[in-house]
Amino acid sequence: MFDSSAPIGIFDSGIGGMTVASAVTRLLPQENTIYFGDTAHLPYGDKSTAAIQAYAIKICNMLLQQNCKLILIACNSASAAAFELVKEYVGSKAKVLNVIDPVVDYIKEHYDGKTIGLIGTKQTVLSNVYKKKVDALGKNIQLKSLATPLLAPMIEEGFFDNNISESIISSYLSDPSLAGIEALILGCTHYPLIKNQIAKYYGDSVEILDTSEIVANSLRALLEQHYLVNEKGEGKRQFYVSDYTLSFEQSTNIFFGKQIQLEHYPLWE
8 MFDSSAPIGI FDSGIGGMTV ASAVTRLLPQ ENTIYFGDTA HLPYGDKSTA
58 AIQAYAIKIC NMLLQQNCKL ILIACNSASA AAFELVKEYV GSKAKVLNVI
108 DPVVDYIKEH YDGKTIGLIG TKQTVLSNVY KKKVDALGKN IQLKSLATPL
158 LAPMIEEGFF DNNISESIIS SYLSDPSLAG IEALILGCTH YPLIKNQIAK
208 YYGDSVEILD TSEIVANSLR ALLEQHYLVN EKGEGKRQFY VSDYTLSFEQ
258 STNIFFGKQI QLEHYPLWE
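Here it is in structure tokens:
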């Protein structure tokens, strides 16, 4: 039996997962959350599958020690590379959710017969995980994917909503491989931070799927399904990083609107 007041563990390589964490706390303010940013190893998008799996298991071990009732892999690269391994490792100790399956389920319900674009890291796109899952739906959905490796580090360095980011975004989105799409999956949890710039590029011609909101709703449904919703007051927020950086601290303050205390937790010591 799980304790419904136990925390939700959320992890990513850096600030990208904050888009999901903030969506979760807006939707479920009473839930206790523990966020782990693996800042020592960011970004995950250019790491090998084996490396990402090693990081993920270490982080999950720490989150299990904190008695998390649910672990959310708030990173597309880690979801693609490590979800099955994490699920096996965690076993019955906690529920596990990734950020890919909720989006595929959403597409199944809303985009039958449509042409959809996907942008993400090299790890996510080259894994082909989205295409395999979308093809398996049998909904005649055509998926056009493009690796956009500069976007995550650009966002981590604070380059969004300016001319530099606009130029890089336009260069990627004008790629012929994305021609004719009717909707675009933001296949990296960093990308909601540049959603407005992406929407501006397309005008009203392409629907932009904010995956953070989709994942938060899926997480709530999973908690409800297993009677794990916390009903007790205002949730507590804890933040851990594998390597302290001032930019990460500043980013957490922006996301949550108040001063956040980061706790340093080196993974390999």
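In this text, residue positions in the sequence shown follow the working numbering: the first is 8, and each later residue adds one.
For every residue, glycine included, the Cβ atom is placed at its ideal position computed from N, Cα and C.
query: DSSP state of G165, grouped into three classes?; result: coil
query: Per DSSP, what are the beta-bridge partners of Q149 in this structure?; result: T122
query: Cβ atoms of C195 and L157: under 8 Å apart, would you say?; result: no
query: Quick check: what's the CA-CA separation for A87 versus G264?; result: 31 Å
query: With a threshold of 16 other CB atoms inside 10 Å of the CB of T39, please say whether the residue is buried or exposed.; result: For the sequence presented, residue 39 should be read as Asn rather than Thr. That one is buried.
query: Run the CB neighbour count on N237, radius 10 Å, all protein chains shown included, and call it buried at 16 or more, exposed below.; result: buried
query: Cβ of D217 within 8 Å of Cβ of A47?; result: no
query: Three Cβ pairs or more, each shorter than 8 Å: is that satisfied between the stretch 117-125 and the stretch 13-28?; result: no
query: Around the Cβ of A223, are there at least 16 other Cβ atoms within 10 angstroms (buried) or fewer (exposed)?; result: buried
query: Grouping DSSP H, G and I as helix and E and B as strand, with all else coil, what is H271?; result: strand
query: Is the Cβ-Cβ distance between S219 and A30 less than 8 Å?; result: yes
query: Output the distance between the C-alpha atoms of L200 and I267, rounded to the nearest integer angstrom.; result: 19 Å
query: Does the pairing of the stretch 57-71 with the stretch 141-152 give three or more beta-carbon distances under 8 Å?; result: no
query: Determine, using beta carbons only, whether I80 and G44 come nearer to each other than 8 Å.; result: no
query: Here's the rule: buried if 16 or more other CB atoms are within 10 angstroms of the residue's CB, otherwise exposed. What is Y4?; result: Residue numbering for the chain in the displayed model covers 8 to 276; residue 4 lies beyond these limits and cannot be assessed.
query: Any idea what DSSP makes of D182, helix, strand or coil?; result: coil
query: Closer than 8 Å is the cut-off here; do at least three beta carbon pairs connect the stretch 91-110 with the stretch 160-168?; result: no
query: Which residues mark the beginning and the end of the alpha helix (DSSP H) in which V141 is found?; result: 136-143
query: Could you pull out every unbroken beta strand (DSSP E) segment of at least 3 residues lying fully inside the stretch 211-266, listed in chain order?; result: 214-216, 244-248
query: Can you tell me which of the three DSSP states D19 falls into?; result: strand
query: Run through DSSP, which three-state label would L157 get?; result: coil
query: Excluding the five sequence neighbours on either side, which residues of its own chain have a C-beta within less than 6 Å of the C-beta of E214, listed in chain order?; result: A190
query: With a CB to CB cut of under 7 Å and the five nearest residues on each side skipped, what residues in its chain are close to P160?; result: P50
query: Any idea what DSSP makes of A101, helix, strand or coil?; result: coil
query: What do you reckon, are the CB atoms on I148 and Y118 nearer than 8 Å?; result: yes
query: Taking its Cβ as the centre, do 16 or more other Cβ atoms sit within 10 Å of L253, making it buried, or is it exposed?; result: exposed
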